[in-house]
Each structure stands twice: as structure tokens, then as C-alpha cells.
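Heads up: the structure comes next, in C-alpha cells.
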Amino acid sequence: MIYFSIFCLLSFFSFFSLKTNKVSHFIFLTFILFLLFFVGFRYEIGCDWDSYVSMFNIINKNLASTDFGYKIINILAYKMDFDIVFVNFLCAILFFCCAFFVLSKMNYPLVGLIVLFPYTIVVVSMGYTRQSVAIGFAMISIYYIVYKFNSLKFILFLFLAFLFHKSSIFLILFLPFLYLKKMKLKSRYFYIFIGLSLLIIIYIFKNYYLHIKNIYLSDMVFSAGVLPRLIIHLLPIFIYLVYRKRYVNLNIDFLNFASLFILFSIPISLFYSTIADRLNLYFIVFDIIVFDRFIYCLKFKSKIIFLFFIIVINFLILYVWYNYSFYANTCWKPYQNYLQEIL
Numbered sequence: 039m040i041y042f043s044i045f046c047l048l049s050f051f052s053f054f055s056l057k058t059n060k061v062s063h064f065i066f067l068t069f070i071l072f073l074l075f076f077v078g079f080r081y082e083i084g085c086d087w088d089s090y091v092s093m094f095n096i097i098n099k100n101l102a103s104t105d106f107g108y109k110i111i112n113i114l115a116y117k118m119d120f121d122i123v124f125v126n127f128l129c130a131i132l133f134f135c136c137a138f139f140v141l142s143k144m145n146y147p148l149v150g151l152i153v154l155f156p157y158t159i160v161v162v163s164m165g166y167t168r169q170s171v172a173i174g175f176a177m178i179s180i181y182y183i184v185y186k187f188n189s190l191k192f193i194l195f196l197f198l199a200f201l202f203h204k205s206s207i208f209l210i211l212f213l214p215f216l217y218l219k220k221m222k223l224k225s226r227y228f229y230i231f232i233g234l235s236l237l238i239i240i241y242i243f244k245n246y247y248l249h250i251k252n253i254y255l256s257d258m259v260f261s262a263g264v265l266p267r268l269i270i271h272l273l274p275i276f277i278y279l280v281y282r283k284r285y286v287n288l289n290i291d292f293l294n295f296a297s298l299f300i301l302f303s304i305p306i307s308l309f310y311s312t313i314a315d316r317l318n319l320y321f322i323v324f325d326i327i328v329f330d331r332f333i334y335c336l337k338f339k340s341k342i343i344f345l346f347f348i349i350v351i352n353f354l355i356l357y358v359w360y361n362y363s364f365y366a367n368t369c370w371k372p373y374q375n376y377l378q379e380i381l
């Protein structure tokens, strides 16, 4: 029940964060630090725990065994005579530093944590260790393309994401959205570009999936729930499309394409669930961006109502996963922390 306890505390304090002040920022930082130790020092949590331990044991013998960034962390831990817990903690530091950087730029960072917690934090960062780091760097990359229109930093952080999980490279297809307005492309060329981009993504990741499906156990673990996880994006997409004028100072071209990409992923998930699921994980930041700007534009009473609605939705996500997922019952219960083992 510790997962629900944390979520309830997050939800309670998120209402105080609707009025931005130093106290709300302190609360946000406190939660980030707590979650860092909660995730980083988890012990025998996640269905890939044994796989990661085995990978750690052979990493120095097989240098081509995993993604380069994750490999470096494993080698560092091995040379310093540490074990997989140290690897997990370093990966958690990278993920939560990235999350802190992005969310601290938002108007309501605790609301962003609520959106991240049920799946990205509890499931991904504790189960998909490598991809969680990639998602963290990708969040920063997307921040720079949406808010700052900065192609150099977009590519830099996307490269860092790629070092931890190859699936993140598909985001490079969003780079042209920094230049669409300057190029003054006609609408038909814009949609031709969208269509070609989606076809390229499918082609690349179909082969990628066929190559790794027998290597990554976690690809098979959670793909069964990809459709509900994609459908959850429909609310922020609806809000964005209806109230798009509220997002005019952001990279509208990127947000437009992200919306279409997510919608396109829903039918794709019926045939290539693992591909759709892996790529969908990177778009959690889309939900955060949309919710954050939407809440900011509401009156205070409406903010409270909408925040309550977000809390209910994410509570249901956590509740359904925790109670009805076979893997939650076998790999996440009971929660254990390495610090408990040594104290």
C-alpha cells in the first residue's frame, strides 16, 4: 500500500501548489528527493530484476551486451566494487534530475509528479531502468523544442537519451517542427511529411522490435495494457485541440504532430503493441505540458475541480494496475528497499 500512500500525499499537497510560492517549491523538492531514494534503492522490485543482475555480472565480459550509457554505469559500479543497487541509484539520479529540471519550469510541478507517478515512476523507473533514463533526457529534449525552439539542445539531450535506449531516436523526426514556420510550407506538404514520418517510424521499429523481442523481457510484460495507456492521452489531446489558442506561444507544430502521432498509435497498437507502447512512454510529457498550461488559464475554483479530476484519473490508473496486473502482484509486492536491508 506504500504506492497509494505516496500518491495520496502527492495529491494532498498538490492543492497547496495551485498558489505558487516558496513553500510549494520546497514541497516539490522534498518529494523529488524522497522518490529518488524510493526508486533508487528499491530491492528485488520489477520483473526484470534478475535480468539486470545477470547483465551486471557479464557486462565486463560482453561489452556489446547493452546500451552504451547503461553499460558505462554498470562498468563504473563494477570497478568501484558496487552491485546492481548502485546502478539503479545512479539511473534514478539521472531520471529524477531530468524530471526536476522539466517540472520545475512548469507552473504546477506537483501536478506533473501526479501524472508521472502511477506509471512512469512506479512501473517504468522501477522496471524499465534503461528506458526510464532515456525518457528523462527525452523530457528535457522535448522541453527545449516546445518552449525554447532550441534545436541544438534538443539534439544534445536526445543523443543522451539514445545512449540509454535506442527507441528514443525516433524523436529526431520531430526536429523539422522547429523550422516549419520559417520554411512556410503549404499544408499539403506538411501532411505529406507527417505521413512519410509515420511510415518511416513503423518500418524502423518493426525491424527493431523483431531484433530485440527475445532480449527484452519487459517488452512483453506490459504490452498487453498498451491500448488503455494510449487512450489515457485522449483527455489532454482533446483539451489541446479545443483550447489550442492557449498554447500559441509554444511550438504548436510539434504539439499538433504529437497529438496526431498518439492518435495514430492507437490503431497501430492493435498490431504492433510493443512498438506503440515503447514509443508512447515518451509522450507523458505531452500530457504534463497540456495540463499545466490549461490549469494556469483557469480560475481558482476551476483549478481545484480540474486538479481533482486529474487525481481521480491517475488514482484509477494506479488502482487498476496494482490490483489487476499479474506482474504488479508478482514483481512489485511487497515493496522492499535496500536501506531497510542494511539498517
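Positions in the sequence shown are counted from 1; adding 38 to them yields the numbering used here.
Glycine included, C-beta positions come from ideal geometry on N, C-alpha and C.
Arg316 is not bridged by DSSP to any residue. DSSP, read as helix, strand or coil, puts Asn287 in coil.
Of all C-beta pairs linking the stretch 142–150 to the stretch 331–350, three or more are shorter than 8 angstroms, placing the two stretches in contact. The three-state secondary structure of Asn126, taken from DSSP, is helix.
Put simply, the backbone Cα of Val77 is about 15 angstroms away from that of Cys136.
Asn375 is bridged by DSSP to Arg80. DSSP places Met39 in the coil class of the three-state scheme, outside both helix and strand. Under the three-state reduction of DSSP output, His203 falls in the coil class, being neither helix nor strand. Going by beta carbons, Ser179 and Leu196 fall inside the 9 angstroms limit. Contact between Phe45 and Phe353 holds: their C-beta atoms lie close to 7 angstroms from each other, under 8 angstroms.
Leu288 has its alpha-carbon roughly 26 angstroms from the corresponding atom of Arg316.
Bounds of the alpha helix (DSSP H) holding Phe276 are 272–280. DSSP places Asp325 within a helical segment (H, G or I) once states are collapsed to three.
In terms of Cβ geometry, Tyr365 and Tyr41 do not form a close pair [threshold 9 angstroms].
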